[in-house]
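**Q** Each residue of the sequence shown is one higher than the one before, counting from 0 in numbering that gives the first Met the number 0.
Every residue gets a Cβ at the ideal spot worked out from N, C-alpha and C, and that includes glycine.
Predicted model only: the values in this text are computed from it and were never measured.
This is the structure I have questions about; it appears just below.
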Amino acid sequence: MLYLELFDKDVIGERFSSNHLLHLLQDNSDYEIESERIELARHEILFHENQVHDYIYIIETGIFGAWRGTHIINFVGEYGFLGMDNILGNEPSALTLIALTKAVVWRFSKEEVMRKLMYMQEGLFFLYNDMKLTNEYLINRSILQVTEAKERIKTFMIQLGKAYGEETADQFILPKIFTKKIISNYLNLTSTTVYYICKELIKEGFLEPISYQLIVNKASI
């Protein structure tokens, strides 16, 4: 890679993405580190907030919820990092990570990951890219939280559908784990408000009239 390409945001976003990092960490041809494949059941806790742990994780399959106390702060899916926000060995975790679905993750020692990244000429760009994506997420979340309630719900459902749902020509079909209750928690709205607005969205054709799953109609977006 040309040196000047390292200053191109598109190159960094593609070349130093989390799926590339997983392949890099599992490639022991040049610098070997240990890894472990772990399967988790739904609702199983990966690690707790305010506790120091020695590992980072990359999701192979499944969706996790990141909680702070009783509030859900983020959702993380395939190839997402878990534990990267406190990469230093003596940092307590800021969040509790819970599997919202059955999940498979790869576990790596924080110390070994840092050593391998520092050994590589371009390794720290993976940390830079993760930090950049985290900052972008926090900015977008802050903007979303001050949006009018109905628009907030619609925008978030579309985001969930694109990130984690099944997309057809006409619809975004959200996984059943994304209930009105968990959406109200994330958006800092009462459950009553979310249920009432969802009824309005059904009448307006934005949502399908199905009680057990959220399905967004693209024609009404």
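#1: What did DSSP end up calling HIS52 once you bin it into helix, strand or coil?
#2: Can you list, in chain order, the residues of its chain whose CB lies under 7 Å from that of LYS179, leaving out five sequence neighbours each side?
#3: By the three-class DSSP mapping on this structure, what secondary structure does ASN128 have?
#4: Is it buried or exposed for LEU123, if we count other Cβ within 10 angstroms and need 16 for buried?
#5: Considering only DSSP beta bridges, list what LEU39 is partnered with.
#6: Please return the same chain residues whose Cβ sits closer than 8 Å to the Cβ of GLU33, not counting the five positions on each side in sequence.
#7: Please confirm whether HIS42 and ILE97 have their CB atoms less than 8 Å apart.
#8: Return the CA-CA distance between LYS149 and ASN216, expressed in angstroms with no decimal places.
#9: Please state whether DSSP places SER16 in a helix, a strand or coil.
#10: Between which residues of its own chain and GLN50 is the CB-CB distance below 7 Å, once the five residues before and five after are set aside?
**A** In brief:
#1: Start at 1 with the first residue of the sequence shown, and residue 52 comes out as number 53. In the three-state reduction of the DSSP assignment, HIS52 falls in the coil class, being assigned neither a helical nor a strand state.
#2: Numbered from 1 along the sequence shown, position 180 holds the residue referred to as residue 179. Taken in chain order, the residues that qualify are SER190, VAL193, TYR194 and CYS197.
#3: For the purposes of this step, residue 128 is taken as residue 129 along the sequence shown, with counting starting at 1. Secondary structure at ASN128: helix, using DSSP grouped into helix, strand and coil.
#4: Along the sequence shown, one-based indexing puts residue 123 at 124. Exposed.
#5: For the purposes of this step, residue 39 is taken as residue 40 along the sequence shown, with counting starting at 1. LEU39 pairs with ALA102.
#6: If you number the sequence shown from 1, residue 33 lands on position 34. Excluding the 5 residues flanking it on each side, GLU33 has same chain C-beta neighbours closer than 8 Å at PHE107, SER108 and GLU111, in chain order.
#7: Numbered from 1 along the sequence shown, position 43 holds the residue referred to as residue 42. Numbered from 1 along the sequence shown, position 98 holds the residue referred to as residue 97. Taking 8 Å as the cut-off, the beta carbon of HIS42 is found closer than this to the beta carbon of ILE97.
#8: For the purposes of this step, residue 149 is taken as the residue at position 150 of the sequence shown. For the purposes of this step, residue 216 is taken as the residue at position 217 of the sequence shown. Straight-line Cα distance between these residues: approximately 16 Å.
#9: Mapped onto the sequence shown, residue 16 falls at position 17. DSSP, read as helix, strand or coil, puts SER16 in coil.
#10: If you number the sequence shown from 1, residue 50 lands on position 51. So the qualifying residues of the chain are PRO91 and SER92.
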